[in-house]
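Presented below is the structure to which this report refers.
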Amino acid sequence: MDTNAPTKPDDPRRKSANLRTALVFASIAIVFFAGIIATKWIGGPTIGIGVMAGAVVLFLVFAIGRNLRK
Amino acid sequence: MSSIPHDHVAGHGEGHEEHAHHPAGIMRWITTTNHKDIGTLYLWFSFTMFIVGGVMALTIRAELFQPGLQVVHPEFFNSMTTLHGLIMVFGALMPGAVGFANWMIPLQIGAPDMAFARMNNWSFWLLPPAAILLVTSLFVPGGAAAAGWTLYPPLTIQAGMGMDLTIFAIHIMGASSIMGSINIITTILNLRAPGMTLMKMPLFCWTWLITAYLLVAVMPVLAGAVTMLLTDRHFGTTFFNAAGGGDPVLFQHVFWFFGHPEVYIIIMPAFGIISEIIPTFSRKPLFGYASMVYAVAGIAVLSFLVWAHHMFTTGLPTAGLLFYMYATMLIAVPTGVKVFNWLATMWKGSLTFEAPMLFAIGFLFLFTIGGFTGLVCAIQPIDVQIQDTYYVVAHFHYVMVAGTLFAFFGGTYYWLPKWCGRMYDEKLAEIHFWLSFVFFNITFFPMHFLGLAGMPRRIPDYAQQFADWNMVASIGAFGFGFTQLLFFYTVVKCIRSGPSAPARPWEGGTTLEWTVPSPAPYHTFETPPIVK
Chain A
9 MDTNAPTKPD DPRRKSANLR TALVFASIAI VFFAGIIATK WIGGPTIGIG
59 VMAGAVVLFL VFAIGRNLRK
Chain B
52 MSSIPHDHVA GHGEGHEEHA HHPAGIMRWI TTTNHKDIGT LYLWFSFTMF
102 IVGGVMALTI RAELFQPGLQ VVHPEFFNSM TTLHGLIMVF GALMPGAVGF
152 ANWMIPLQIG APDMAFARMN NWSFWLLPPA AILLVTSLFV PGGAAAAGWT
202 LYPPLTIQAG MGMDLTIFAI HIMGASSIMG SINIITTILN LRAPGMTLMK
252 MPLFCWTWLI TAYLLVAVMP VLAGAVTMLL TDRHFGTTFF NAAGGGDPVL
302 FQHVFWFFGH PEVYIIIMPA FGIISEIIPT FSRKPLFGYA SMVYAVAGIA
352 VLSFLVWAHH MFTTGLPTAG LLFYMYATML IAVPTGVKVF NWLATMWKGS
402 LTFEAPMLFA IGFLFLFTIG GFTGLVCAIQ PIDVQIQDTY YVVAHFHYVM
452 VAGTLFAFFG GTYYWLPKWC GRMYDEKLAE IHFWLSFVFF NITFFPMHFL
502 GLAGMPRRIP DYAQQFADWN MVASIGAFGF GFTQLLFFYT VVKCIRSGPS
552 APARPWEGGT TLEWTVPSPA PYHTFETPPI VK
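Quick note, the sequences are listed as chains A and B, same order. Following this note's numbering, the numbering of the first sequence begins with 9 at its first residue and continues without gaps. Following this note's numbering, the numbering of the second sequence begins with 52 at its first residue and continues without gaps.
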């Protein structure tokens, strides 16, 4: 968010920016939670690295994809 | 920087009266989405759990007053050590820090409220059921969890139903923490007042921003670990069960991947509070603001790399031992930067010693002792000798109690005039500090001697040669515990009958919260202030 211009708390742009930030961090939390269990379930560090790498790629695809749409 | 150059701050005074109406009575507290109300709820919840955990600590110290078994059964003693740790960490210290965050972050960055006000309410109201689960686990068949707050298998796989309640409590508290962290990150990143760049934020907000990042990264790992414990217990998996090919030591790795950053999660908001108090009562800007921010970030990064220093006696390879030993020692560098900067802030300052400053200086003195004993523990050949002894108990209580708790006391006295619009009784607060300081050291300093002499932790009985220092520690513990009733009285007296506080009760206070009236109006900064 641009902090140089005052915005109202219920500004839709601000609300969607808040939601985006929250979703990013919630998905990080979910990846960590599922990742640690998947790693132990399937076994070996490769799985853990795979889960993390997959998550990073998904984030990139999502982030780039959003901007391509514009 | 802690002192914000806001040449013109607008938008905090107008429009409060028409927005001041809100539900009254119990419904106000259940349904509130106001960050100040929720901050108050967190702080009272934290204090309540502090008392509950404190009573458990006094039960432990009563049993250890002299050798032999006098007061409780050994199984109950183990439950007490376990619940004391869990309640203090998850019920008292973490919610206390979130309480300060809820109250102060929107006020310090010029935001009208937290970014997700309803989620904020939910984050808080998840905590009481979790606390009830934890405490009622004492009364179920088999008793409460008794494997220590670290919940190591195989004990936790074999334990009774109390362990299940503990696991669910941790899940709920973890969910609450993650939601709270996401809320704090979003608030700080998106709702700062115009002109307040990240490097103009008060250091308290910076420490909380970094703490929230740590929480989002490590709480899910703990949740994953205890979920696996649960499935091992009830669904036939063998993640940590050696009988089925699992590895109990793997749990320790996963737990400490959470557990070590958790130490910094607890201490970093305290760093932030101290970084607000010292400049105010030194009447000088914080020395080395940028280096303080980088030091906190450095500590946060390093905290992910040192977890296995808690496992030096589990048979790690030599290369691992060396890596974790040196990486742990490296944390002393950014921590030293912080201590140096606090001292440099005081250097040639116009110092006064009101209660918040006393607690801040007490923090500096005692936290530094705790930090140095941490360095001792980091040296692997020494750690092998003192692992699981009272030396470690002394070390982490110097960090957790004299560090975080003293900072919370200081922060409470510092911001109490803003919270309730009244000044506290300075004389009582100073007595509270001195009694806490003296009794704290009577309790925990002898534990260094006990640990070095070889007394193991988590035992209800001990050899005769440890009797004298245990008696001293127990006397100190009861003194420290009863001193906190004075804190409660001082706070209640302030809320009910203290003299009115001005908007800026501390002449050295320069952050945005001091620009709003005392008590802070129910709604603040509905029009964002302009920070120049």
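C-beta: ideal position from N, C-alpha, C; glycine also.
Closer than 9 Å to chain B by CB, residue i
i	result
A:I36	yes
A:F67	no
A:F40	yes
A:A25	yes
A:M60	no
Where residue i sits in the DSSP three-state scheme
i	result
B:P497	helix
B:I55	Low confidence applies here, because B:I55 scores a pLDDT of 49, under 50, leaving its location unreliable and the question unanswered by this model.
B:P507	strand
B:S551	strand
B:T440	strand
B:R243	coil
A:G62	helix
B:Y513	coil
B:D476	coil
Beta-carbon neighbours of residue i, restricted to chain B and to distances below 7 Å
i	result
A:I45	G275, T278, M279
A:R74	Ordered by position in chain B, no residue passes the 7 Å Cβ test against A:R74, which lies about 17 Å from the chain.
A:T29	I236, T237, L240, N241
Beta-carbon neighbours of residue i, restricted to chain B and to distances below 9 Å
i	result
A:F33	I229, S232, I233, I236, T237, A263, Y264, V267
A:R22	A166, N241, L242
Min CB distance residue i to chain A below 9 Å
i	result
B:M270	yes
B:V191	no
B:T207	no
B:T133	no
B:S53	Because the pLDDT of B:S53 is 43, which lies under 50, any placement of that residue in the model is unreliable, and the number read from its coordinates should be weighed accordingly. Cβ-Cβ to chain A under 9 Å: no for B:S53.
Reference residue i, options the options, closest by Cα
i	options	result
B:V567	B:P468, B:P511, B:G502, B:K544	B:P468
B:F96	B:G119, B:I138, B:A75	B:I138
B:L280	B:T207, B:V272, B:F255	B:T207
B:F671	B:G527, B:G530, B:L503	There is simply no residue 671 of chain B to check, as chain B begins at 52 and stops at 583 in what is shown.
B:G225	B:P146, B:Y465, B:G461, B:P157	B:P146
B:G213	B:G199, B:S227, B:P205, B:L185	B:L185
B:A458	B:A182, B:E477, B:Y93, B:P407	B:P407
B:T369	B:S354, B:S326, B:G400, B:Q431	B:Q431
B:M451	B:V191, B:L381, B:A220, B:E313	B:E313
B:T575	B:I581, B:G310, B:E564	B:E564
B:E114	B:G560, B:P497, B:F101, B:T132	B:T132
B:T419	B:D439, B:V384, B:Q436	B:V384
B:V582	B:L189, B:L249, B:G104	B:L249
B:L402	B:T110, B:Y264, B:W557, B:V267	B:W557
B:V543	B:C471, B:P507, B:A143, B:P497	B:C471
B:D476	B:Q209, B:E405, B:D215, B:W393	B:E405
B:P271	B:T110, B:L242, B:I223	B:I223
B:G422	B:M78, B:G161, B:M380	B:M380
Limits of the unbroken alpha helix (DSSP H) element including residue i
i	result
B:V300	299-333
A:R21	20-50
B:Y345	340-354
B:V272	254-285
B:I420	406-429
B:F101	86-114
B:F460	457-471
B:F374	369-381
B:N172	168-176
B:S130	125-137
Contacts that residue i makes with chain A (C-beta to C-beta distance below 9 Å)
i	result
B:V301	At residue 301 of chain B the sequence reads Leu, which differs from the Val that was named. Under the 9 Å cutoff, chain A gives K48.
B:K290	This sequence places Phe at residue 290 of chain B; Lys is not what is there. What B:F290 touches in chain A: I45, K48, W49.
beta-carbon residue i near the ligand ZN non-hydrogen atom, thresh 8 Å
i	result
B:P550	Of the ligands one can find in the structure shown there are none, so the ligand ZN has no counterpart to examine.
Partners in chain A for residue i, counting only beta-carbon separations shorter than 7 Å
i	result
B:V305	I44
B:F141	Here the premise fails: no neighbours, minimum Cβ distance about 17 Å.
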